[in-house]
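Counting from 105, one number per residue, gives the positions in the sequence shown under our numbering.
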Amino acid sequence: MLAGLDPEQRSAVTAPAGPVCILAGAGTGKTRAVTSRIAHRALTGEISARHVLAVTFTARAAAEMRARLTALGVAGVQARTFHAAALRQVRYFAPRLLAGRAMPELLDSKVRVVTLAAAKVGLRTDRAAARDLAGEIEWAKSSLIEPGEYVVAAAKALRDTPHEPAKVAEVFAAYERLKRGNGVIDFEDMLRAAVWGIEEHPDVAEQVRGQYRHFVVDEYQDVNPLQQRLLAAWLGGRDDLTVVGDASQTIYSFTGATSSYLVDFPRQHRGATVVRLVRDYRSTPQVVGLANAVISQARGAEARLRLELVGQRPPGPEPELRIFTDEPAEASAVAARCRALVDGGTPAREIAVLFRTNAQSEAYEKALTEAEVPYVVQGAERFFERTEVRQAMVALRAATRSIPGETPLPVAVTEGLAAVGWAPDAAPAGGAARERWEALAALVQLAEEYAATPEVLPVGEAAAVERPVTLSDFNDELARRAAQQHVPTVDGVTLASLHSAKGLEWDAVFLVGLAEGTLPTTYAKTPEQVEEERRLLYVGITRAREWLWLSYATARSPGGRARRPSRFLPQLDRSGGAERAGTGAARRTERRRTQVVSCRICGATLLAGADRKLGRCPTCPSDIDEELYQRLHEWRRRVAGAQKVPAYVVFTDATLTALAERQPGRVEELIAIAGIGPRKLGLYGETVLALVGGAAVDDVCPEKTFKIES
Numbered sequence: 105m106l107a108g109l110d111p112e113q114r115s116a117v118t119a120p121a122g123p124v125c126i127l128a129g130a131g132t133g134k135t136r137a138v139t140s141r142i143a144h145r146a147l148t149g150e151i152s153a154r155h156v157l158a159v160t161f162t163a164r165a166a167a168e169m170r171a172r173l174t175a176l177g178v179a180g181v182q183a184r185t186f187h188a189a190a191l192r193q194v195r196y197f198a199p200r201l202l203a204g205r206a207m208p209e210l211l212d213s214k215v216r217v218v219t220l221a222a223a224k225v226g227l228r229t230d231r232a233a234a235r236d237l238a239g240e241i242e243w244a245k246s247s248l249i250e251p252g253e254y255v256v257a258a259a260k261a262l263r264d265t266p267h268e269p270a271k272v273a274e275v276f277a278a279y280e281r282l283k284r285g286n287g288v289i290d291f292e293d294m295l296r297a298a299v300w301g302i303e304e305h306p307d308v309a310e311q312v313r314g315q316y317r318h319f320v321v322d323e324y325q326d327v328n329p330l331q332q333r334l335l336a337a338w339l340g341g342r343d344d345l346t347v348v349g350d351a352s353q354t355i356y357s358f359t360g361a362t363s364s365y366l367v368d369f370p371r372q373h374r375g376a377t378v379v380r381l382v383r384d385y386r387s388t389p390q391v392v393g394l395a396n397a398v399i400s401q402a403r404g405a406e407a408r409l410r411l412e413l414v415g416q417r418p419p420g421p422e423p424e425l426r427i428f429t430d431e432p433a434e435a436s437a438v439a440a441r442c443r444a445l446v447d448g449g450t451p452a453r454e455i456a457v458l459f460r461t462n463a464q465s466e467a468y469e470k471a472l473t474e475a476e477v478p479y480v481v482q483g484a485e486r487f488f489e490r491t492e493v494r495q496a497m498v499a500l501r502a503a504t505r506s507i508p509g510e511t512p513l514p515v516a517v518t519e520g521l522a523a524v525g526w527a528p529d530a531a532p533a534g535g536a537a538r539e540r541w542e543a544l545a546a547l548v549q550l551a552e553e554y555a556a557t558p559e560v561l562p563v564g565e566a567a568a569v570e571r572p573v574t575l576s577d578f579n580d581e582l583a584r585r586a587a588q589q590h591v592p593t594v595d596g597v598t599l600a601s602l603h604s605a606k607g608l609e610w611d612a613v614f615l616v617g618l619a620e621g622t623l624p625t626t627y628a629k630t631p632e633q634v635e636e637e638r639r640l641l642y643v644g645i646t647r648a649r650e651w652l653w654l655s656y657a658t659a660r661s662p663g664g665r666a667r668r669p670s671r672f673l674p675q676l677d678r679s680g681g682a683e684r685a686g687t688g689a690a691r692r693t694e695r696r697r698t699q700v701v702s703c704r705i706c707g708a709t710l711l712a713g714a715d716r717k718l719g720r721c722p723t724c725p726s727d728i729d730e731e732l733y734q735r736l737h738e739w740r741r742r743v744a745g746a747q748k749v750p751a752y753v754v755f756t757d758a759t760l761t762a763l764a765e766r767q768p769g770r771v772e773e774l775i776a777i778a779g780i781g782p783r784k785l786g787l788y789g790e791t792v793l794a795l796v797g798g799a800a801v802d803d804v805c806p807e808k809t810f811k812i813e814s
């Protein structure tokens, strides 16, 4: 078992009993390490497998852990989610805790009861608003906040509440009353019941702690205060606890999850063993280098546990950065590359297109459909299957009877959507309501794009006339798109939000829409929220095994307002990197691409200008030819003196160092060095190549006067 582990994994597996914190970066084999630790302890007789409780955050992860333990020859370990473990215990102890009364029914969704609670306090809500209120209640209960404490707690947490905090508190209180009156509980109540059973009933505590003596918690950066309270109840002051997490993958703070328990683990558990897993077996060194560069700029508490990953796979292609004139052009190019990958032998299921919000999916669904590339939507419905989109299409069909045909299409669509409560002002607060608003805003954007391509009608034999598209035309277009995208697929390119992509991986990953206002979203107001957006990009990058594409459009729609690239993107040389695309059948694309440069020594991705010029990381050993550097330096001094310009105008020190290290022997190698463009190649190229070849300074510039060409 130990022979197949790297040194850090082996340290995690053989760590002594007691508190152990495994800081595991993306792709570093954390599941292998933690299951091997359980198996090693069980097979050596240190512990009994039936006394282990391993807690995960998804049923899929729990099933994978059980399967791996079985393969290692260990049976009897309880691997469950927090909720599944709590439900099992509450059901078992219910006769004792409830004095013979039946266990209350468990709500599978809060939305229906929240809707009734809102009505009780005079607040009318649609389904999206009810979902946002339910999310606020879930956050409060997961954070151990009672209705009477909500207003102050929401203010301290800078919550973007769906209604006035006082009104949310009223709904929260009414929701709790309705639950009690109907004899039902929610998932947070179930966790609280498990805590209460242990904390308030010594006999229950004794039985639970007798059964479970050794604990493992996966994804510890995602634990919320209620789950931590349950974990503490299970432990009962004992310290045989192994936690696994990565602070750089903390992306669920809005739900109440907090990385503080992971960050503070060594301080809370004196003498804890801390192991860092940094060898990345998932991604190529090029992808790993880019991920490191993005997260190296992180700030805040999570950055204190930042891990510098080390790629273990053979080198692969450089990540590509593409810039497009508008989002339709971006989606079209992504679909074309997906088509090429599939035609080249990459299974469609090994390709993913990841974006910040689900509302972005429509453009990629359309483009992939037109390119005849099958796709599946991960963690959400297809765009035209969403309830709000179907309702909007009904409203737009009805609007053709009341809106004059000559009304400009974007105006007509905006007026038609008023029937379903959509308005083109600022998006509402609350995640679900905002997502609904953005989905309908996507329809308005579609109308703007569709209106830009008027239909040409023949008039006689010698003339033609453009007919503006009408709302009826647009409804027909929506129906056509919906019909195309409703075709079921089993195996296809994955379309997913960055949140939904957590825990998954693909051979090829497209990270799209990387513009300011989208990533980070405009709703990220505080430094902490902005840092969580940065971590989302980091999670997206680390999903890629071999091939990674990053792109953004300089405008949302053709001719639209200009946008800036995401502040999280490395400072790559973007000159000339924009893909220019028109519309219609004559669309032409300029295929110039901007790529990341790799270290010629270790293969890591280089991002700083000086590093890219040298072609190596600043920490990698220099192989500079000192004698050549001195000749280049003297030559530059003479040239600068003759031209009466500062020395750096000829070549910077970094360029001289790069020349002395890389020693180019051909023109192609010379212009590959950043800072040597066509002009300087023409002025100095022949001379520099001669110096690199061994020529003396006096031989290449004896009394020669250099003049700058106009």
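Backbone N, C-alpha and C fix where the C-beta goes; we use that ideal spot for every residue, glycine too.
These figures come from a predicted structure and were not determined experimentally.
To the nearest angstrom, how far is it from the Cα of I142 to the Cα of F319? In a straight line, the C-alpha of I142 is about 10 Å away from that of F319.
Going residue by residue through the region 310 to 369, where are the continuous beta strand (DSSP E) segments of at least 3 residues, counting only ones entirely within it? 318 to 321, 345 to 349
Measuring alpha carbon to alpha carbon, tell me which of I777, R770, D802 ends up nearest E790. R770
Reduced DSSP secondary structure (H/G/I, E/B, other) of W526: coil
Should F672 and L641 be called a contact, given that it needs their Cβ atoms to be closer than 7 Å? yes
May I have the straight-line CA-CA distance separating V815 from Q464, to the nearest angstrom? With the chain covering only 105 through 814, there is no way to say anything about residue 815.
Would you mind sorting S357 into buried or exposed? The rule is 16 or more other CB atoms within 10 Å of its CB. buried
Cβ atoms of T504 and S576: under 7 Å apart, would you say? yes
Delimiting residues of the beta strand (DSSP E) encompassing Q482: 479 to 482
In chain order, what residues of the same chain have a beta carbon less than 6 Å from the beta carbon of A238, not counting five sequence neighbours either side? K214, V215, V218
Determine the DSSP secondary structure at F186, reduced to helix, strand or coil. helix
Mapping the DSSP letters down to three states, classify V801 as helix, strand or coil. helix
Measuring alpha carbon to alpha carbon, tell me which of G449, L413, A475 ends up nearest A437. A475
Taking Cβ positions, are N396 and L500 nearer each other than 7 Å? no
Less than 7 Å separating the beta-carbons of F161 and D326? yes
So what does DSSP say about P669, is it helix, strand or coil? P669: strand per DSSP, three-state reduction.
Is DSSP giving I867 helix, strand or coil here? Outside the displayed span of the chain (105 to 814) sits residue 867, for which this structure offers no information.
V178: which of V194, H155, H603, K224 sits nearest, CA to CA? H155
Going straight from the alpha carbon of G680 to that of P669, what length do you get? The pLDDT assigned to G680 is 33, lower than 50, so where the model puts this residue is not dependable, and the model offers no usable value.
Please report the distance separating the alpha-carbon of D343 from that of E150. Straight-line spacing of the CA atoms in D343 and E150 works out to 15 Å.
Quick test of your reading: T622 and R460, contact by CB under 8 Å. State the CB separation rounded to the nearest angstrom. 5 Å
DSSP three-state call for I427: helix, strand or coil? strand
Opposing strand residues paired with G621 [DSSP bridges]: T625
Could you check the C-alpha separation between V367 and L718 for me, to the nearest Å? 37 Å
I need the DSSP call for L608, collapsed to helix, strand or coil. coil
Considering E469, what are the terminal residues of the alpha helix (DSSP H) in which it resides? 465 to 474
Alpha carbon of Q331 to alpha carbon of F186, nearest angstrom: 7 Å
Could you tell me whether the region 660 to 668 touches the region 372 to 380, where touching means 3 or more Cβ pairs closer than 8 Å? no
What separation, rounded to the nearest whole angstrom, lies between the Cα atoms of P329 and L176? 33 Å
Closest by CA to V308, which one among V446, G340, V321, D290? G340
Cα separation between R200 and Q193? 12 Å
Cβ of H305 versus every heavy atom of the ligand FAD: is any distance shorter than 6 Å? Among the ligands in the structure shown, none appear at all, so the ligand FAD cannot be discussed.
Straight-line Cα distance separating V288 from Q495: 32 Å
Give me the Cβ distance between L127 and D384, rounded to the nearest whole Å; I'm assuming they're in contact under 8 Å. With a Cβ gap of about 13 Å, L127 and D384 do not count as contacting.
Check whether the region 619 to 639 touches the region 386 to 395, taking contact to mean three or more Cβ pairs, one atom from each stretch, closer than 8 Å. no
Chain-order list of residues whose beta-carbon lies under 6 Å from that of Q482 (same chain, five-residue window excluded): T598, A600, S604
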